[in-house]
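Engineer: A single structure is presented below for examination.
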């Protein structure tokens, strides 16, 4: 997906992290016996219940923009990120929204984890949505949303070197 | 007697100076924010529109939006509450006054809402008029480098003034002290300011929490 992000592809991991923080498991307070029911996925669940942010007739990229998931400080990277989401193959943008809508119907909803995978071979060039434990250090089930990404080719890459 | 009165007046003047410094710090902070991010939620230091509006939902719970009322919005920023009311309570009849310390914020608010009936803005740290209700969202959060005792005197004075300018009641929000502490951000236990309003203002209070944000809303009503 370097095609859309171009030189801003260095920000992809931070943009994915931004999503992962906003959809993170409910934080545990300093008092280990008390779960704090705010922040992360609980905040998202409240926003969804109040404002219906994710909808089956609205692509995820539009909801992401409302939630500021494109970051604050780099307008070009933000716009390119939303374009990348809009152009996800096989209507992936809407597939993500649909999966989130289903997730928020669960009580409690699963935290969500975004990551990426290689878009090649062609069968992998799609958004892959699964459920599982993506982080070995957290025994926590997530809704996992994996975006297809193709590596950016460096200028001149693939050309034979002349003698 | 004269000495006591002089001492009291000196301490009063010290408090006024202290409060003026706090207000100036707040004004500078938010002026810088709105210059950087414009009339958007980050321009008033919120993450995004939905979280900003989720706070409005809680603050307005004390108001009956089906009947006309007057509302003071202290720390109004660029008047985001008006957009919220337009979208979710378009039939409401509200006489609105937005008050803010930041001149840069108010310039933008006036530009944004200049054609709107029953809407006015004023610069200051409290409202000069009595309204049915007052709301204040996020005004106690950004303590910056003020000592905690100074900041809490500012909170107490502001709560007193909100009470004094609200005929029926007011609502404010605080970061919950149970959340992870961050430098420069003020947080409080819900009971602390609830007790203050009951004891010092003779009001009744209600705490709203569990709405997904790391904070609580304190609703203060005049005792019947």
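Chains as they are written, first to last, in our numbering: chain A, 70 to 232; chain B, 583 to 806. Positions of the beta carbon are idealized from the N, C-alpha and C atoms, including for glycine.
Just how far apart, CA to CA, sit residue 145 of chain A and residue 645 of chain B?
Structural biologist: Translated into positions along the first chain, residue 145 of chain A becomes position 76. Translated into positions along the second chain, residue 645 of chain B becomes position 63. Residue 145 of chain A and residue 645 of chain B: Cα-Cα distance of roughly 42 Å.
Engineer: According to DSSP, simplified to helix, strand and coil, what is residue 161 of chain A?
Structural biologist: Translated into positions along the first chain, residue 161 of chain A becomes position 92. Residue 161 of chain A falls in the helix class under three-state DSSP.
Engineer: Quick one: give me the first and last residue of the beta strand (DSSP E) that residue 214 of chain A is part of.
Structural biologist: One-based indexing of the first chain puts residue 214 of chain A at position 145. Start and end: 211–218.
Engineer: Residues of chain A with CB under 9 Å from residue 771 of chain B, in chain order?
Structural biologist: For the purposes of this step, residue 771 of chain B is taken as residue 189 along the second chain, with counting starting at 1. The contacting residues do not exist; residue 771 of chain B stays about 13 Å from chain A at best.
Engineer: Which value, in whole angstroms, describes the spacing of the CA atoms of residue 205 of chain A and residue 619 of chain B?
Structural biologist: For the purposes of this step, residue 205 of chain A is identified with residue 136 of the first chain, where counting begins at 1. For the purposes of this step, residue 619 of chain B is identified with residue 37 of the second chain, where counting begins at 1. The straight-line gap from Cα to Cα measures roughly 38 Å.
Engineer: Under the criterion of a Cβ to heavy atom distance below 6 Å, does residue 75 of chain A qualify as lining the ligand HEM?
Structural biologist: No copy of the ligand HEM appears in this structure; indeed no ligand is present at all.
Engineer: State the Cα-Cα distance for the pair residue 195 of chain A and residue 127 of chain A, rounded to the nearest angstrom.
Structural biologist: Position 126 of the first chain, counted from the first residue, corresponds to residue 195 of chain A. Position 58 of the first chain, counted from the first residue, corresponds to residue 127 of chain A. Straight-line Cα distance between these residues: approximately 19 Å.
Engineer: Would you mind sorting residue 792 of chain B into buried or exposed? The rule is 16 or more other CB atoms within 10 Å of its CB.
Structural biologist: What you label residue 792 of chain B is simply residue 210 of the second chain in a count that begins at 1. Residue 792 of chain B should be labelled exposed.
Engineer: Ignoring anything shorter than 3 residues, give me the beta strand (DSSP E) runs that lie fully in the segment 168–196 of chain A, in order along the chain.
Structural biologist: Runs found: 181–187.
Engineer: Considering only their Cβ atoms, is the gap separating residue 657 of chain B from residue 718 of chain B smaller than 7 Å?
Structural biologist: Working through the second chain from its first residue, we reach residue 718 of chain B at position 136. Working through the second chain from its first residue, we reach residue 657 of chain B at position 75. Cβ atoms of residue 718 of chain B and residue 657 of chain B: closer than 7 Å.
Engineer: Would you mind stating whether residue 647 of chain B and residue 671 of chain B have Cβ atoms separated by less than 7 Å?
Structural biologist: For the purposes of this step, residue 647 of chain B is identified with residue 65 of the second chain, where counting begins at 1. For the purposes of this step, residue 671 of chain B is identified with residue 89 of the second chain, where counting begins at 1. Yes, these two residues count as a Cβ contact at 7 Å.
Engineer: When burial is assigned at 16 or more other CB atoms within 10 Å of the CB, is residue 745 of chain B buried or exposed?
Structural biologist: Within the second chain, the letter at position 163 stands for residue 745 of chain B. Label assigned to residue 745 of chain B: buried.
Engineer: Please compile the residues from chain B whose C-beta is within a distance smaller than 8 Å of the C-beta of residue 135 of chain A.
Structural biologist: The residue given as residue 135 of chain A occupies position 66 in the first chain. The answer, in chain order, is 630, 631 and 632.
Engineer: By DSSP, does residue 122 of chain A sit in helix, in strand, or in coil?
Structural biologist: Mapped onto the first chain, residue 122 of chain A falls at position 53. It is coil, neither helix nor strand.
Engineer: Mapping the DSSP letters down to three states, classify residue 610 of chain B as helix, strand or coil.
Structural biologist: Taking the second chain and counting its residues from 1, one reaches residue 610 of chain B at position 28. Three-state result, residue 610 of chain B: helix.
Engineer: Have a look at residue 665 of chain B and residue 187 of chain A and give me their C-alpha separation to the nearest angstrom.
Structural biologist: Taking the second chain and counting its residues from 1, one reaches residue 665 of chain B at position 83. Taking the first chain and counting its residues from 1, one reaches residue 187 of chain A at position 118. C-alpha separation (whole angstroms): 43 Å.
Engineer: Would you list the residues sitting across from residue 678 of chain B in a DSSP beta bridge?
Structural biologist: As a working mapping, residue 678 of chain B is identified with position 96 in the second chain. According to DSSP, which records beta bridges pairwise, residue 678 of chain B is partnered with B:653 and B:701.
Engineer: Alpha helix (DSSP H) containing residue 89 of chain A: first to last residue?
Structural biologist: Start at 1 with the first residue of the first chain, and residue 89 of chain A comes out as number 20. Start and end: 81–91.
Engineer: Can you name, in chain order, every residue of its own chain whose Cβ lies under 6 Å from the Cβ of residue 101 of chain A, other than the five neighbours on each side?
Structural biologist: As a first step, residue 101 of chain A is located in the first chain; it is residue number 32 there, counting from the start. Unreliable positioning characterises residue 101 of chain A in this predicted model, as indicated by a pLDDT of 45, which lies under 50. The coordinate reading is nonetheless provided below. The answer is none, since no qualifying residue turns up.
Engineer: Identify each residue in the segment 611–628 of chain B for which the Cβ-Cβ distance to at least one residue of chain A is less than 8 Å, and report them in chain order.
Structural biologist: Going along the segment 611–628 of chain B in chain order, one finds 619, 623 and 624 with a Cβ nearer than 8 Å to chain A.
Engineer: Would a C-beta distance cut-off of 7 Å place residue 155 of chain A and residue 130 of chain A closer than the cut-off?
Structural biologist: Counted from its first residue, the first chain places residue 155 of chain A at position 86. Counted from its first residue, the first chain places residue 130 of chain A at position 61. Yes, Cβ-Cβ distance for residue 155 of chain A and residue 130 of chain A is below 7 Å.
Engineer: Under 8 Å between beta-carbons, which chain A residues line up against residue 690 of chain B? List them in chain order, please.
Structural biologist: For the purposes of this step, residue 690 of chain B is identified with residue 108 of the second chain, where counting begins at 1. Correct list: empty, because the minimum Cβ distance to chain A is about 18 Å.
Engineer: Give the DSSP-derived three-state secondary structure of residue 647 of chain B in the structure shown.
Structural biologist: Locating residue 647 of chain B in the second chain gives position 65, where the first residue counts as 1. Looking at residue 647 of chain B - three-state DSSP - the assignment turns out to be coil, as it is neither helix nor strand.
Engineer: Just to confirm before moving on: does the CB-CB distance between residue 725 of chain B and residue 778 of chain B stay below 7 Å?
Structural biologist: In the second chain, counting from the first residue as 1, residue 725 of chain B sits at position 143. In the second chain, counting from the first residue as 1, residue 778 of chain B sits at position 196. Cβ distance not < 7 Å, so residue 725 of chain B and residue 778 of chain B don't count as in contact.
Engineer: With a threshold of 7 Å between beta carbons, is residue 793 of chain B in contact with chain A?
Structural biologist: If you number the second chain from 1, residue 793 of chain B lands on position 211. Cβ-Cβ to chain A under 7 Å: yes for residue 793 of chain B.
Engineer: Just the chain A side, please: which residues come within less than 7 Å of residue 639 of chain B by C-beta, in chain order?
Structural biologist: By 1-based counting over the second chain, the position of residue 639 of chain B is 57. Here the neighbours are 119.
Engineer: Within 7 Å (strictly less), CB to CB, does residue 636 of chain B reach chain A?
Structural biologist: For this step, residue 636 of chain B is matched to residue 54 along the second chain. It does: the Cβ of residue 636 of chain B has a partner Cβ on chain A nearer than 7 Å.
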